[in-house]
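So that you can map any letter, position 21 of the sequence shown is 895 in the working numbering, and since no number is skipped, the others follow by simple counting.
Don't be surprised by glycine CBs; every beta carbon is placed ideally from N, CA and C.
Quick caveat, the model's predicted, so the values are computed rather than measured.
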Amino acid sequence: MNLTIRGQHIEVTEALKDYVDKKLCRLDKYFDAPLASEGYVTLNVVRGLHTVEVTIPLPGVMLRAEDRSDDMYASIDAVVDKLERQVRKHKTKLNRKFRQEGSLKTLAVETASTGAAPSEQQVEEEFEVVRTKRFTLKPMDVEEAILQMNMVGHNFFVFSNIDTQEVSVVYKRNDGKYGLIEQT
């Protein structure tokens, strides 16, 4: 796999590059052929917090993981563990699909006829809604929605924006600030 490693607020040393490369090579054991895709790794340090983001686009699936800790090497290890879990989960789903459909040929014919990748079809079939909530949207401004969200202890809050008369969502960002999603 080809890796593009870049640093934000950190100099990417040869030791860091070698460590990232060595750790991400562990993913190769899950594939029959070597990965030909390009992987993207971003190493970032903000206020002493070491963040590692890895994105690996594969046919039919996008592997992505992120981790933050006080140590860059620990963050890299945690990200690789997350990616390994994603790959194992994806392969298990594919194997289940092969067993249910009968064979690999059936899956290939199905994929060719629909034009979609097997994992996309599979993911659509496996989403299950386990709980539904209904509530009336109280018209309020953004500040009141943030207060309500903090009061109920959630990381997002759906409300009717009194200024735009549309449904909006406020959410708490990883940096501790707030975001607003508005309908267009």
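Who are the near neighbours of residue i in its chain, counting only those whose CB is closer than 6 Å to its CB and skipping five residues on each side?
i	result
Q1057	E1040, V1041
E927	T916, E940
Y914	T878, T929
N851	Any property of residue 851 remains undetermined from this structure, which presents the chain solely from 875 to 1058.
Looking at C-alpha atoms only, which residue of the options is the closest neighbour of residue i?
i	options	result
V920	S943, L901, E958	S943
D955	L1054, E940, K965, N969	E940
S911	M875, G922, Y893, K896	M875
V894	R880, F1009, K903	R880
D1037	G1027, D1015, Q974	D1015
F905	V886, R1008, L968	L968
I884	G922, D892, A907, K896	G922
D951	E888, E1017, T966, K896	K896
So, residue i versus residue j, is the Cβ gap smaller than 8 Å?
i	j	result
V961	L901	yes
N1029	K1051	no
Q974	N918	no
Whose C-beta lies closer than 8 Å to the C-beta of residue i among residues of the same chain, with five residues either side of it excluded?
i	result
M936	T929, I930
L957	L898, L901, V928, I930, L937, A939
L909	M875, L901, D902, I930, L932
V886	I879, R880, L917
Within its chain, find whatever has a CB closer than 7 Å to the CB of residue i; leave out the 5 residues flanking it on each side and keep chain order.
i	result
C899	none
R1064	As displayed, the chain neither begins before 875 nor continues past 1058, which places residue 1064 out of reach and without an answer.
S949	H924, T925, V926, D941, R942, S943
P1013	S1034, I1036
N829	The question about residue 829 has no answer, for the chain in this structure spans 875 to 1058.
Return the Cβ separation of residue i and residue j in integer angstroms, given the expectation that the two are a contact with Cβ distance under 8 Å.
i	j	result
F1033	L1054	Contact doesn't hold; Cβ gap of about 10 Å is too wide.
M1023	V1044	6 Å
M817	L877	In this structure the chain extends from 875 to 1058, so residue 817 is not present and cannot be described.
A1019	F1001	About 28 Å; that fails the 8 Å criterion.
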